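One line per chain: the protein sequences are A and B, in this order. Heads up, the first sequence is in our numbering, so the first residue is 1 and it goes up one at a time. Heads up, the second sequence is in our numbering, so the first residue is 318 and it goes up one at a time.
Number of protein chains: 2
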Amino acid sequence: MQIDLKQCCMLLATAEDIWIFTHKNPDGDTLGSAYGLYYGLTAIGKRAAVLCSDSMPKKFGYFYPQGPMPDFEPQYIVAVDVADIQLLGPALEPYAHKIDLCIDHHISNTGYAEHLLLDSHAAATAEIVYEIVTAMGVSLTQPMATALYTGIATDTGCFRYSNTTAQTHFRAAKLIEAGIDITYMNQLLFETKSKGRIALERLAMSTLEYAFHQRCATIVLSREMVAQSGAEDEDIDGISSMPRQIEGVEVGATLRERKEGGYKVSVRTARSVDASEICKRLGGGGHKAAAGCVISGTLDEARRKLYEAIGAQLGEQ
Amino acid sequence: MQIDLKQCCMLLATAEDIWIFTHKNPDGDTLGSAYGLYYGLTAIGKRAAVLCSDSMPKKFGYFYPQGPMPDFEPQYIVAVDVADIQLLGPALEPYAHKIDLCIDHHISNTGYAEHLLLDSHAAATAEIVYEIVTAMGVSLTQPMATALYTGIATDTGCFRYSNTTAQTHFRAAKLIEAGIDITYMNQLLFETKSKGRIALERLAMSTLEYAFHQRCATIVLSREMVAQSGAEDEDIDGISSMPRQIEGVEVGATLRERKEGGYKVSVRTARSVDASEICKRLGGGGHKAAAGCVISGTLDEARRKLYEAIGAQLGEQ
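Encoded structure:
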């Protein structure tokens with residue numbers, strides 16, 4: 001059942017011994033939301049603990065509390081930023097049908113929880129948690145504001161993405177007023193690349209190829225390049241956006257060699273071109289600005305098929 | 318004479334036929350401030366024109382008004398984001414001692430104007446212009462808000478840099494409420510790299526060298542690489558920050574070969590290390606996080622001297 005902010009605050013005010021679940025492969029928003037809520041609930045005297053199927057990324061260690069989470073049996077379970085029970089991961093799945101409250105911003109939320117507070121206009125679930133803790137009368141502390149700022153900043157690419165609203169900035173302003181160190185966070189979150197990423201970027205850029213009067217740029221990530229660089233999956237995600245970022249390029253594509261043969265293709269476009277139309281021609285799909293597909297065959301074959309689809313969309317041969 | 322916001326608004330309310338000066342080599346803040354003020358003044362029936370010693374960068378064309386600026390003799394001259402008359406550039410220098418009002422956020426402002434509205438806590442001069450136009454009762458229009466947002470976003474690295482305050486976010490929120498397209502702007506301003514920059518990055522990354530247990534990373538930009546890539550000076554500025562952005566790297570340095578021999582060295586550091594101390598040892602200087610110096614000799618000699626200075630600061634041999 002969907003509830004509003006006030007009902008959510010009342011449920012939390014009466015709850016005791018609260019477990020807070022994040023999604024698996026936790027990102028800045030699910031962790032920032034979970035710890036933001038954790039600090040908020042403990043500030044009003046609740047016993048609470050954050051649980052995640054995966055280990056907590058060290059990167060976000062600057063807002064974790066000191067020491068281990070308290071060990072207790074829950075009377076109330078809250079999931080934050082978890083759109084579907086499949087995203088809970090193996091360790092938390094046994095509790096999938098016992099979740100009392102879900103706080104989320106994904107329009108795709110499956111409504112698995114007893115109560116759902118959903119705001120699909122929020123750029124980050126952390127924005128909703130900010131509204132909850134302040135509506136509950138909790139004073140923002142530095143750790144709380146740091147966790148919530150992290151959620152907002154990571155889900156908006158530091159206020160760059162189209163999901164950023166005036167409300168996002170208002171909430172960020174209030175969090176900054178709590179005295180947090182945004183310089184440290186932003187450097188860590190947005191200006192740091194892993195050595196694996198740097199190595200893979202270097203290899204990938206040596207494969208850069210322009211087509212269609214430089215309106216299109218492609219790069220290739222072979223399995224050998226990925227292995228040699230030591231890059232992780234999250235590094236590869238970042239690299240996929242590189243070709244499109246070149247001035248004048250309307251279609252950027254990354255061809256990643258698959259273990260099982262063929263290429264996984266990621267297409268990013270400027271707003272003059274529809275990426276999903278390109279990928280649909282190749283049996284894939286996605287959004288207007290970002291889509292994907294799988295193309296079988298050798299690199300030459302995959303590139304030829306991809307260029308046919310891109311050329312058709314650009315009105316070029 | 319320094320004045321406050323209210324006095325500034327009164328001066329502008331009584332002024333007629335207003336020239337608005339930007340600084341030379343105009344950036345997003347001086348242009349965004351100038352056009353934001355231009356739109357504000359014309360909205361209340363003033364005749365105004367923006368003037369710049371250099372040509373207006375096409376990049377910011379999305380907030381320029383249609384057609385040429387009106388041609389008239391000024392009765393009042395305002396300079397925005399211009400800290401010193403030397404920054405006016407040749408075409409505007411003849412008016413250096415006739416400037417009635419300066420609106421600026423640089424603490425180093427030399428006070429050359431008859432009246433100065435200075436707010437050194439503002440991350441961008443566009444923040445101050447936002448306060449002026451709203452205090453004058455002007456309704457924010459889309460072009461006005463677009464220009465002012467550009468000034469704020471460019472001077473804060475899209476809200477990443479340490480100059481970003483709660484006020485910066487509050488003002489951005491108000492500008493977004495005017496209905497501007499931040500997605501388009503942010504993609505253009507923060508996610509687009511010139512082909513020259515891409516080419517130079519590729520060449521520069523092939524020179525990447527780690528030292529001191531990977532606590533230090535250096536890249537080299539030879540004159541041949543710069544020429545071959547077709548990169549501009551602004552491209553090179555961006556590349557200088559790359560070595561420091563590698564995970565775990567505390568000191569990043571870029572050695573750029575000089576026409577007159579030797580190397581211009583740019584040093585960027587994580588907050589554990591003082592870049593200005595490293596550069597002082599080599600006859601240069603700068604800030605804690607970013608400093609520079611010139612080292613004579615061959616590349617090998619320059620690197621050796623640089624490593625000595627860095628090693629001393631890192632406590633490594």
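Beta carbons: idealized from backbone N, C-alpha and C, even for Gly. Values in this document were obtained by computation on a predicted structure and should not be read as measured data.
Legend entry - Among A:A91, A:E232, A:S229 and A:Y39, nearest to A:V133 - alpha-carbon criterion: A:Y39
Inset, instruction - Could you tell me whether any Cβ in chain A is nearer than 7 Å to the Cβ of B:K376? - result: no
Inset, instruction - May I ask which residues mark the beginning and end of the beta strand (DSSP E) holding B:E494? - result: It is not in any beta strand (DSSP E) - B:E494 instead sits in the alpha helix (DSSP H) that spans A483 to E494.
Inset, instruction - Could you pull the start and end residues of the beta strand (DSSP E) that B:A366 belongs to? - result: A365 to L368
Inset, instruction - Taking only beta-carbon positions, decide if B:R477 is within less than 7 Å of chain A. - result: yes
Inset, instruction - Taking B:I641 and B:A443 to be in contact with their CB atoms under 8 Å, please state how far apart those CB atoms are, rounded to whole angstroms. - result: For residue 641 of chain B there is no data in the structure shown, the boundaries of chain B being 318 and 634.
Inset, instruction - Buried or exposed for B:F389, please, with buried defined as at least 16 other CB atoms from any protein chain shown within 10 angstroms of its CB. - result: exposed
Inset, instruction - For A:G67, count neighbouring Cβ atoms within 10 angstroms of its own Cβ and tell me buried if that reaches 16, exposed if not. - result: When all chains shown are included, A:G67 counts as exposed.
Inset, instruction - Name the residue from A:L92, A:G111, A:A123 and A:E93 whose alpha carbon lies nearest to the alpha carbon of A:H105. - result: A:A123
Inset, instruction - Tell me, please, whether the CB atom of B:K622 is closer than 7 Å to any CB atom in chain A? - result: no
Inset, instruction - Compare the beta carbon distance of B:C635 and B:A396 with 7 Å and say whether it is the shorter of the two. - result: As shown, chain B starts at 318 and ends at 634. That puts residue 635 of chain B outside it, with no answer to give.
Legend entry - Contact with chain A by B:T442, beta-carbon distance below 7 Å: Residue contact with chain A for B:T442: absent (no Cβ-Cβ distance below 7 Å to any residue of chain A).
Legend entry - CB contact below 7 Å: A:F72 versus chain B: no
Inset, instruction - Could you tell me whether the Cβ of A:T183 comes closer than 7 Å to any Cβ of chain B? - result: For A:T183, the closest Cβ of chain B is nearer than 7 Å.
Inset, instruction - Could you spell out the range, first to last residue, of the beta strand (DSSP E) harbouring B:C610? - result: A607 to I612
Inset, instruction - Identify which residue in A:V82, A:D119 and A:I128 has its Cα closest to the Cα of A:Y112. - result: Of the listed residues, the one whose Cα sits closest to A:Y112 is A:V82.
Inset, instruction - Given a cut-off of 7 Å, decide if B:R540 and B:E567 are closer than it, judged by their beta-carbon atoms. - result: no
Legend entry - Opposing strand residues paired with A:S366 [DSSP bridges]: Within the shown structure, residues of chain A are numbered from 1 to 317, placing residue 366 of chain A beyond reach of any answer.
Inset, instruction - Give every residue of the same chain whose Cβ lies closer than 7 Å to the Cβ of B:D346, excluding the five residues on either side of it in the sequence, and list them in chain order. - result: D398, A441, T442, A443, G468, T471 and D472
Legend entry - Host beta strand (DSSP E) of B:V395 (start-end): Y393 to V397
Inset, instruction - Determine which residues of the segment 12-23 of chain A have a Cβ less than 8 Å from any Cβ of chain B, and write them out in chain order. - result: none
Inset, instruction - Please name the residue in A:I246, A:A309 and A:V220 whose C-alpha comes closest to that of B:Q504. - result: A:I246
Inset, instruction - Quick one: which residues of the segment 543-564 of chain B get their C-beta closer than 7 Å to a C-beta of chain A? List them in chain order. - result: Q562, I563 and E564
Legend entry - Reduced DSSP secondary structure (H/G/I, E/B, other) of B:C325: helix
Legend entry - Any C-beta of chain B under 7 Å from that of A:A172: yes
Legend entry - CB contact check: A:E191 to chain B, cutoff 7 Å: yes
Inset, instruction - Can you grab the Cα-Cα spacing for the pair A:V226 / A:C293, in whole Å? - result: 19 Å
Inset, instruction - Determine, using beta carbons only, whether B:A528 comes closer than 7 Å to chain A. - result: no
Legend entry - Whether B:K341 touches B:L404 by CB criterion (7 Å): yes
Legend entry - A:A298, buried or exposed, once every other Cβ within 10 Å from all chains shown has been counted against 16: Here the sequence assigns Thr to residue 298 of chain A, which means Ala is not the residue at that position. A:T298 should be labelled exposed.
Inset, instruction - Take every Cβ of the segment 303-316 of chain A, pair it with every Cβ of the segment 324-344 of chain B, and state whether three or more of those distances are shorter than 8 Å. - result: no
Inset, instruction - Compute the Euclidean distance between the alpha carbons of A:A312 and B:K512, then round it to the nearest angstrom. - result: 24 Å
Inset, instruction - Taking only beta-carbon positions, decide if A:N163 is within less than 7 Å of chain B. - result: no
Legend entry - Residue nearest to A:A178 in terms of C-alpha spacing, selected from A:S55, A:P143, A:Y76 and A:A48: Answer by Cα proximity: A:P143.
Legend entry - chain A contact residues for B:E448, given Cβ-Cβ distances below 7 Å: By Cβ distance, chain A contributes nothing, its closest Cβ being about 15 Å from B:E448, past 7 Å.
Legend entry - A:A289 beta carbon less than 7 Å from that of A:T269: yes
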